[in-house]
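Visitor: Residue numbers (this note's numbering): -11 to 439. The C-beta atom is built at its ideal place from N, Cα and C for all residues, glycine as well. Remember, it's a predicted structure, so these values are computed and weren't measured experimentally.
1) Whole angstroms are fine: how far does the CA of residue 360 sit from the CA of residue 149?
2) Determine the DSSP secondary structure at residue 142, reduced to helix, strand or coil.
3) Within 10 Å of its beta-carbon, does residue 146 have 16 or more other beta-carbons around it, so buried, or fewer, so exposed?
4) Using three-state DSSP, classify residue 279 as helix, strand or coil.
5) Could you pull out every residue in the same chain whose Cβ sits closer than 7 Å to the Cβ of residue 185, ignoring the five residues on either side in sequence?
6) Could you name the residues of the same chain whose beta carbon sits closer than 7 Å to that of residue 265, not counting the 5 residues immediately before and after it, in chain order?
7) Measuring CA to CA, which of 23, 416, 115 is closest to residue 283?
8) For the candidate residues -8, 247, 314, 241, whose alpha-carbon lies nearest to that of residue 285?
9) Looking at residue 30 and residue 121, is the spacing between their C-beta atoms short of 8 Å?
10) Under a Cβ-count criterion, where at least 16 other Cβ atoms within 10 Å of its own Cβ denotes burial, should residue 338 be classed as buried or exposed?
11) Quick check on this structure: which residue in 276, 325, 291 has the alpha carbon closest to the alpha carbon of residue 418?
12) Whose C-beta lies closer than 7 Å to the C-beta of residue 275 among residues of the same chain, with five residues either side of it excluded?
13) So, does the CB of residue 290 fall closer than 8 Å to a CB anywhere in chain E?
14) Would you tell me roughly how many angstroms separate the C-alpha atoms of residue 257 and residue 263, rounded to the nearest one?
15) Counting along the chain, where does the alpha helix (DSSP H) carrying residue 271 start and finish?
16) Are the segment 64 to 81 and the segment 310 to 328 in contact at 8 Å, needing three or more beta carbon pairs?
17) DSSP three-state call for residue 358: helix, strand or coil?
18) Starting from the Cα of residue 316, find the closest Cα among 58, 376, 250 and give me that residue.
19) If contacts are defined as beta-carbon pairs under 8 Å, then residue 261 and residue 336 qualify, I think. What distance do you get, rounded to the angstrom?
20) Sort -8, 288, 140, 277 by Cα distance to residue 313 and report the nearest one.
21) Taking 7 Å as the line, does the beta carbon of residue 359 fall inside it for any heavy atom of the ligand HEM?
22) Please classify residue 357: is it buried, with 16 or more other beta-carbons within 10 angstroms of its beta-carbon, or exposed?
23) Given residue 112, which residues of its chain have a CB within under 7 Å of its CB, disregarding the five upstream and five downstream residues?
24) Taking the beta carbon of residue 182 as the centre, do at least 16 other beta carbons fall within 10 Å, making it buried, or is it exposed?
25) Is it true that the CB of residue 412 sits closer than 8 Å to the CB of residue 290?
26) Could you pull out every unbroken alpha helix (DSSP H) segment of at least 4 residues lying fully inside the segment 113 to 142, listed in chain order?
27) For residue 56, collect the residues of the same chain with a Cβ closer than 8 Å to its Cβ; drop the 5 residues on either side in sequence, then sort them by chain order.
28) According to the neighbour-count rule (16 or more other Cβ atoms, all chains shown, within 10 Å of its Cβ), is residue 444 buried or exposed?
29) Between 236, 350, 269, which lies nearest to residue 251 when the distance is taken from Cα to Cα?
30) Return the CA-CA distance between residue 106 and residue 118, expressed in angstroms with no decimal places.
31) Considering only C-alpha positions, which residue in the set 126, 334, 110, 385 is nearest to residue 235?
32) Using the three-state DSSP reduction, which class does residue 17 fall into: helix, strand or coil?
33) Are residue 515 and residue 78 touching if we call contact CB-CB under 8 Å?
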């Protein structure tokens, strides 16, 4: 039997699988691929709109039209990390329930080539289905995005339309992400039929990661000194550089902070749920950070946006400066909304993937007499504890990057505080909703034990 025939046979078997968790896994993976595609197209469409306006010579006052292109490009770069994270998480989730089945095929005599083809076909089909749904989602939200105004006029559907070549490239690109991620995970089941059962302890993280904070502070200070002698686009380049530095440092120190938080939580736990959550966080802080890293980036963006809003309300702004500040606030809030949605979907997808990866441990705990409510509380705390730590770490990073530039007094302004707090709370609520949605997967893993 060829690998393709075997794959089709397994697909027919999967359609007859009545397991709720199996179906939810596939649905979540498709949703994640769809979200990745839709958001990517919206972001690219926005960037292209500003490029078209620049090429058409549209100019507001003394504002350089290239400035908007650079700012849109910078926002696109900010969203690349959560987009890539979500795409990779979708691919891992699409593989999560198949590792044992593929190992069983190896035990039954399937060749490494057959296992590889089955894996890549599975991942590719889910990615293509998700990306096609994402294209439909992009078309659905275009009228909403077109309600936004930049440079003194509303965006048009024609400006936001990316064209059929980019639509096709997006579908192929998302499919490539799914296939490449699946290929990278093949080593677990291809080398040996029993390889899937292997367990390794993640390496501990070094305290030297915290030196990134010093690098960010020094970079921010030097950037402020340099910006004083620059004008126009060079200011944007330098400012964008140290904001990017802040986000990079955030992703560097975040896992180390979670490792410490997990150890402290486990050592001070007064309940089984908290102990389980703390141990899981400490055992794999990188995975814990990936599940909330999007929130940290959204929090960082919220901090920058709230500060821009402070300057937008200045009474002595020139008309063209006022337009620019208003547009920066609008663009920052739009970027924040997109980052928040990506963070919520990423959290749900990653939590579901971790649940499925740990399904045997989860089932063993239930068989040993653990209360499912306790396990549910542990699962939610496994998200809420890193979430709180990520919010704190991101806020500290905003302060490290921005205080050298504008001083600490700006953060005491009511407008800045209100925008920042509202943005952070909204993002956190969306993320917790995404984590709570994985309860369906958890119940599906132990449904047969209750019978």
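Guide: On the basis of the supplied data:
1) When rounded, the distance between both Cα atoms is 48 Å.
2) In this structure, residue 142 counts as strand in the three-state DSSP scheme.
3) Residue burial annotation: residue 146 is exposed, with fewer than 16 other C-beta atoms found within 10 angstroms of its C-beta.
4) For residue 279, the secondary structure class from DSSP, reduced to helix, strand or coil, is helix.
5) Any reading at residue 185 is ruled out, since the residue's pLDDT is 44, under 50, leaving its predicted position unreliable.
6) Excluding sequence neighbours, residue 265 sits near 253, 366, 369, 370, 373.
7) When only C-alpha atoms are compared, the closest one is 416.
8) Of -8, 247, 314, 241, the residue nearest in Cα terms is 241.
9) Against a cut-off of 8 Å, the Cβ pair of residue 30 and residue 121 comes out as no contact.
10) Result: buried.
11) Ranking 276, 325, 291 by Cα distance to residue 418 puts 325 first.
12) Closer than 7 Å at Cβ, skipping near neighbours: 342.
13) No chain E is present in this structure, which holds just one protein chain.
14) So the two alpha carbons sit approximately 5 Å from each other.
15) Taken as a continuous stretch (DSSP letters only), the alpha helix (DSSP H) holding residue 271 covers 260 to 271.
16) Cβ pair count under 8 Å is three or more, so yes.
17) Under the three-state reduction of DSSP output, residue 358 falls in the coil class, being neither helix nor strand.
18) Measuring from the Cα of residue 316, the nearest candidate turns out to be 58.
19) The beta-carbon separation of residue 261 and residue 336, rounded to 20 Å, does not stay under the 8 Å limit for a contact.
20) Answer by Cα proximity: 140.
21) The ligand HEM is absent from the structure shown, which contains no ligands of any kind.
22) It is exposed - the Cβ of residue 357 has fewer than 16 other Cβ atoms within 10 Å.
23) Annotation for residue 112: 163, 166, 167 place their beta carbon closer than 7 Å to its own, counting only its chain and skipping 5 residues before and after.
24) Note on residue 182: pLDDT 48, under 50, position unreliable in the model; the coordinate value appears next. So residue 182 counts as exposed.
25) Residue 290 is a Cβ neighbour of residue 412, given a cutoff of 8 Å.
26) Taking 4 residues as the shortest admissible run, the segment 113 to 142 contains no complete alpha helix (DSSP H) segment at all.
27) The residues 38, 41, 42, 138, 139, 315, in chain order, have a CB closer than 8 Å to that of residue 56 in the same chain once the five nearest residues on each side in sequence are set aside.
28) Nothing about residue 444 can be reported from this structure: the residues present for the chain run from -11 to 439 only.
29) The residue with the shortest Cα to Cα distance from residue 251 is 269.
30) So the two alpha carbons sit approximately 18 Å from each other.
31) Checking every option, the nearest Cα to that of residue 235 belongs to 385.
32) Here residue 17 sits in helix by DSSP.
33) The chain is shown from -11 up to 439; residue 515 falls before or after that span and cannot be answered.
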